[in-house]
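Q: Following this note's numbering, the numbering of the sequence shown begins with 90 at its first residue and continues without gaps. Where a beta carbon is used, it is the ideal one built from N, C-alpha and C, also for glycine. Sending over a structure as C-alpha cells; questions will come in a sec.
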Amino acid sequence: MLQRLLKGATGGVAGLGALVLGLLCSGITAVLVTVMGAVLLPRLLLPLQEQGMAPPALSSAFASSYALVWLGPALVVLVAVFGRRLRYWLAGVLGVAAMLLWGSFAVMAMYLALFSQAAAI
C-alpha cells in the first residue's frame, strides 16, 4: 500500500506535500475546534444561561456540532486512499477547506457569544 501511495502518478513529492498539508490543517483545526467547543464555549455561554437569556443560534449550533470537525481528517485520508487522479492534491485542498470553514464557524460562534454577553450588561 505504501508503494501505491508513493507512486508519481498522483503528484509525486509535491502531491505528498499537499496531502501532508491537508492532514496538518484539518488535524490541527480538529483539535483546536474541539477545545473551543468543549472548554471555551460553555464558559462563554454560562453567564447568558444564568441570566435566563437564550444563546445565539450560531453558538448553539456550534455547541451541538463541533465534534463533526473530526470528519475533516477522515475525509482527507479517504480521498487520498480511494481517490483517482490528483487524489493527493484534492485531499490537500479538502484539508485546507475544512480548516477555513470550521475555523470561521468556531470564531463566529465565539464572537457571537461574547457580543451577547456585552449586550446583556
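(1) Look at the alpha carbon of R176 and the alpha carbon of V166, and state the distance between them as a whole number of angstroms.
(2) Select from L137, I117, L130 and V124 the residue whose C-alpha is nearest the C-alpha of A163.
(3) Evaluate P144 with the Cβ neighbour count: other Cβ atoms within 10 Å of its Cβ, from every protein chain shown; 16 or more gives buried, anything less gives exposed.
(4) How would you call A98, buried or exposed, if buried means at least 16 neighbouring beta carbons within 10 angstroms?
(5) For L201, tell me which candidate among L121, G141 and A146 has the shortest Cα-Cα distance.
(6) Does the structure place the stretch 189–208 close enough to the stretch 120–130 that three or more beta carbon pairs sit under 8 angstroms?
(7) Taking buried to mean at least 16 other C-beta atoms within 10 Å of its own C-beta, is A180 buried or exposed?
(8) Whose C-alpha, out of A187, L110, S205 and A209, is nearest the C-alpha of W159?
(9) Do G184 and G161 have their C-beta atoms within less than 9 angstroms of each other?
(10) Taking the C-alpha atoms as reference points, what is the distance between L190 and L121?
A: This is what the structure holds:
(1) Within the sequence shown, numbered from 1, the residue matching residue 176 stands at position 87. Within the sequence shown, numbered from 1, the residue matching residue 166 stands at position 77. Approximately 10 angstroms between the Cα atoms of the pair.
(2) Working through the sequence shown from its first residue, we reach residue 163 at position 74. Among L137, I117, L130 and V124, the Cα nearest to that of A163 is on I117.
(3) By one-based count along the sequence shown, residue 144 stands at place 55. Buried: at least 16 other Cβ atoms inside 10 Å.
(4) Along the sequence shown, read from residue 1 onward, the residue named residue 98 stands at position 9. For A98, the predicted structure reports a pLDDT of 45, less than 50, and the residue's modelled location is therefore unreliable. A value from the coordinates is still provided. When all chains shown are included, A98 counts as exposed.
(5) For the purposes of this step, residue 201 is identified with residue 112 of the sequence shown, where counting begins at 1. For L201, the closest alpha carbon among the candidates L121, G141 and A146 is that of A146.
(6) Here the stretch 120–130 makes contact with the stretch 189–208; the two share three or more CB pairs at distances below 8 angstroms.
(7) Position 91 of the sequence shown, counted from the first residue, corresponds to residue 180. Its Cβ being crowded by 16 or more others within 10 Å, A180 is buried.
(8) Here residue 159 refers to the residue found at position 70 when the sequence shown is read from its first residue. Residue A187 is the option with its Cα nearest to W159.
(9) Position 95 of the sequence shown, counting from 1, holds the residue named residue 184. Position 72 of the sequence shown, counting from 1, holds the residue named residue 161. Result yes, Cβ atoms of G184 and G161 sit closer than 9 angstroms.
(10) For the purposes of this step, residue 190 is identified with residue 101 of the sequence shown, where counting begins at 1. For the purposes of this step, residue 121 is identified with residue 32 of the sequence shown, where counting begins at 1. The straight-line gap from Cα to Cα measures roughly 13 angstroms.
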